[in-house]
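*Asks:* Below is one structure. I have some questions about it.
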Amino acid sequence: MTKKSQEAFGTILDSMCASPVYAEAARRAGISESTLYAWLTSSQRGEPGFIVEEFAGEANIPLHDAMRFARKIAVLSAVQRMEHRALNGHEEAVFFRGQPTWVEDERYAGLDQETLEILGLPDRYLRIDGRRVQHTMHVQPPVALVLAVAAANTKLYAQRQEINVNQRNSGVQVVEHRYGQSSGVALPAVQPTAIEPSPSISSEPDDDLSDIIGSEEAPSLAGEATPAQPPARPLSALEADLLSRLQRESPVIPCDQPQCAPKLGL
């Protein structure tokens with residue numbers, strides 16, 4: 001394990017400025033990640049030996065404070081790259097069927113493979129420092145990213161919300177509600193109903209059932225119903241004339257005479 005030293009502290013802080021990853025910073029300093037966390041804990045406790053002599057123009061800074069400042073630098077770098085992408089877009093490598101495509105050197109355009117072999121050239125690709133150059137494609141920045149950067153840096157595109165309330169009153173109206181006063185109709189109080197005691201039933205045998213079915217009296221038969229007579233009305237002249245003629249032609253025989261008896265043929 002590398003002992004703590006100003007050189008180790010500087011390596012850790014430089015790595016944190018480039019990428020705020022503790023594991024990567026510990027690897028570059030030659031220590032384990034747990035050792036780095038132990039150093040930061042000791043620095044927070046104020047133990048001696050964890051003071052950075054100089055970092056970012058400041059002298060004698062505790063290690064944990066210098067780490068916090070280095071993380072801020074990394075975040076600012078990310079913001080700057082985002083703003084650069086919002087302004088200029090970015091270049092994206094081109095692949096065809098999973099394989100990279102290479103840029104051809106314009107000086108060798110139109111030469112066949114035999115001529116290239118005579119010139120001692122392996123291919124017609126453009127090289128920089130002996131490495132082939134891959135095709136790239138320019139990608140415009142997303143509109144949402146451009147608007148976000150503009151809103152964060154200008155007042156014109158800043159996200160804001162305005163609420164305007166316009167209310168005009170020609171007078172003052174006071175509405176008063178008196179609590180505790182009921183405007184409903186008072187209902188009479190309900191009197192409790194007295195519960196009558198249930199009669200006791202004796203278990204002794206009783207042959208006299210007169211208290212239940214009453215006295216044994218002969219049932220009274222209702223008389224024959226008298227048919228309702230139609231209301232009398234005076235006879236018209238025609239009806240009176242017809243009735244008088246019938247009486248003259250067939251005189252009424254009393255029922256007590258023998259002629260009234262029915263004749264039954266045997």
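Numbering follows full-length UniProt numbering, in which position 121 of the sequence shown is assigned residue number 121; successive positions increment by one, without gaps. Glycine is no exception: its CB is placed at the ideal position from the N, C-alpha and C atoms. This one's a predicted model, so the numbers in the text were calculated from it and none came from an experiment.
Note down, in chain order, each residue of its chain lying with its Cβ closer than 7 Å to the Cβ of F9, except the 5 sequence neighbours on either side.
*Replies:* V52, L63
*Asks:* On a Cα-Cα basis, can you pick out the residue from R68, G46, E47, R45 that is closest to F55?
*Replies:* R68
*Asks:* Using the Cα positions of A93 and T41, report the straight-line distance between them to the nearest angstrom.
*Replies:* 43 Å
*Asks:* Comparing the CB of Q44 with every heavy atom of the ligand HEM, is any distance shorter than 6 Å?
*Replies:* In the structure on display, the ligand HEM does not appear, and there are no ligands present to speak of.
*Asks:* Grab the span of the alpha helix (DSSP H) containing F69 for me, first residue to last.
*Replies:* 63-88
*Asks:* Please tell me whether C17 and A70 are closer than 7 Å, where the distance is taken between their beta carbons.
*Replies:* Taking 7 Å as the Cβ cut-off, C17 and A70 qualify as a contacting pair.
*Asks:* What is the rounded straight-line gap between the Cα of A151 and the Cα of V165?
*Replies:* 26 Å
*Asks:* If you reduce the DSSP assignment to three classes, tell me which class Q140 lands in.
*Replies:* Three-state result, Q140: coil.
*Asks:* Let's test the definition: count the other Cβ atoms within 10 Å of the Cβ of F50 and tell me whether it reaches 16, buried, or not, exposed.
*Replies:* Residue environment: F50 is assigned as buried (16 or more neighbouring CB atoms within 10 Å of its CB, all protein chains considered).
*Asks:* In its own chain, which residues sit with a C-beta less than 8 Å from the C-beta of V75, not counting the 5 before and 5 after it?
*Replies:* P20
*Asks:* Does A26 pass the burial test, meaning 16 or more other C-beta atoms within 10 Å, or should it be called exposed?
*Replies:* buried
*Asks:* So E249 is in the alpha helix (DSSP H); what residue range does that whole segment cover?
*Replies:* Counted as a single uninterrupted DSSP element, the alpha helix (DSSP H) harbouring E249 occupies residues 237-249.
*Asks:* With a threshold of 16 other CB atoms inside 10 Å of the CB of S5, please say whether the residue is buried or exposed.
*Replies:* So S5 ends up on the exposed side.
*Asks:* From which residue to which residue does the beta strand (DSSP E) around E33 run?
*Replies:* Note, E33: premise wrong, no beta strand (DSSP E); alpha helix (DSSP H) at 33-45.
*Asks:* Using 8 Å as the Cβ pair cut-off and three pairs as the minimum, do the segment 125-137 and the segment 97-111 touch?
*Replies:* yes
*Asks:* What residue does the beta strand (DSSP E) around E53 start on, and which one ends it?
*Replies:* 51-55
*Asks:* Of all the options V143, D112, L121, N60, which has the alpha carbon lying nearest to the alpha carbon of A86?
*Replies:* V143
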